[in-house]
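**Student:**
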Amino acid sequence: MAAVDDVDLEFELPAPSDVVFEYLTRIDLLTTWWPTGGRTDPREGGEYVLEWDGPGVTLRGRYVVVDPPARLQFTWSWDHDDDESVVSIELMSSSVDSTSMRIRQTASSVEERDGYVEGWTHFVGRLAERLR
98 MAAVDDVDLE FELPAPSDVV FEYLTRIDLL TTWWPTGGRT DPREGGEYVL
148 EWDGPGVTLR GRYVVVDPPA RLQFTWSWDH DDDESVVSIE LMSSSVDSTS
198 MRIRQTASSV EERDGYVEGW THFVGRLAER LR
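In the working numbering, the protein residues as written are 98 to 229.
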């Protein structure tokens, strides 16, 4: 059961789950909708680093679960912050060309949760546009 402050969101995306999974794990596809650079090693225990323009805007973590095209779980830590969060993403095919994506993320406060919700909503919207 999720804590009161945790994120629990669902989105509908206009692409099959295998395509969505690729957009979540391949840096060449991630940079079309989320970070401006970085690297990924999408295997259990593999690391990722996502970078945005600007000083100190770097997100990093480790993949905990990599189960294409259905499930992805990874740790989440900003370089400027000591807190670590865990993100779990589940993908379920809604139809041949549509995927339901559920994102859950641990948060240490309501304020942190609200920031994550705002960020995920914005960037998953960009992903949906990219997939159209």
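Think of the CB as a built atom: it goes at the ideal place given N, C-alpha and C, for glycine as much as any other residue.
Could you check what DSSP says for Ala191 in three-state terms: helix, strand or coil?
**Tutor:** One-based indexing of the sequence shown puts residue 191 at position 94. Looking at the sequence shown, residue 191 is not Ala but Ser. Three-state DSSP puts Ser191 in a strand.
**Student:** Using only CA atoms, which one of Pro132, Asp102 and Val193 lies nearest to Val154?
**Tutor:** One-based indexing of the sequence shown puts residue 154 at position 57. Of Pro132, Asp102 and Val193, the residue nearest in Cα terms is Pro132.
**Student:** To the nearest whole angstrom, what separates the beta carbons of Ala167 and Ser114, a pair I think is in contact under 8 Å?
**Tutor:** As a position in the sequence shown, residue 167 is number 70, starting the count at 1. As a position in the sequence shown, residue 114 is number 17, starting the count at 1. So it is a contact: roughly 7 Å between Cβ atoms.
**Student:** CA-CA distance, Gln170 and Val146?
**Tutor:** The residue labelled residue 170 in the question sits at position 73 within the sequence shown. The residue labelled residue 146 in the question sits at position 49 within the sequence shown. Using only the alpha carbons, I get a separation of about 15 Å.
**Student:** Around the C-beta of Gly158, are 16 or more other C-beta atoms found within 10 angstroms, so that it is buried, or is it exposed?
**Tutor:** Residue numbering aside, residue 158 sits at position 61 when the sequence shown is read from its first letter. Looking at its Cβ environment, which holds 16 or more other Cβ atoms inside 10 Å, Gly158 is buried.
**Student:** Any idea what DSSP makes of Glu215, helix, strand or coil?
**Tutor:** Taking the first residue of the sequence shown as position 1, residue 215 is located at position 118. Helix.
**Student:** Quick check on Val221: does DSSP put it in helix, strand or coil?
**Tutor:** In the sequence shown, counting from the first residue as 1, residue 221 sits at position 124. Secondary structure of Val221 (DSSP, three-state): helix.
**Student:** Among the residues of its own chain, which have a CB less than 6 Å from the CB of Met198, if the five just before and after it don't count?
**Tutor:** Residue numbering aside, residue 198 sits at position 101 when the sequence shown is read from its first letter. Excluding sequence neighbours, Met198 sits near Phe108, Leu110 and Leu188.
**Student:** Express the C-alpha separation of Tyr120 and Val214 in angstroms, rounding to a whole number.
**Tutor:** In the sequence shown, residue 214 corresponds to position 117, counting from 1. In the sequence shown, residue 120 corresponds to position 23, counting from 1. Going from the Cα of Val214 to the Cα of Tyr120 covers about 19 Å.
**Student:** Sorted by chain position, which residues of the same chain lie with C-beta nearer than 6 Å to Thr129's C-beta, five sequence neighbours on each side aside?
**Tutor:** Within the sequence shown, residue 129 is the residue found at index 32, counting from 1. Arg227.
**Student:** With a 10 Å radius around its C-beta and 16 neighbouring C-beta atoms as the bar for buried, classify Ser192 as buried or exposed.
**Tutor:** Translated into positions along the sequence shown, residue 192 becomes position 95. Exposed, since its Cβ has fewer than 16 Cβ neighbours within 10 Å.
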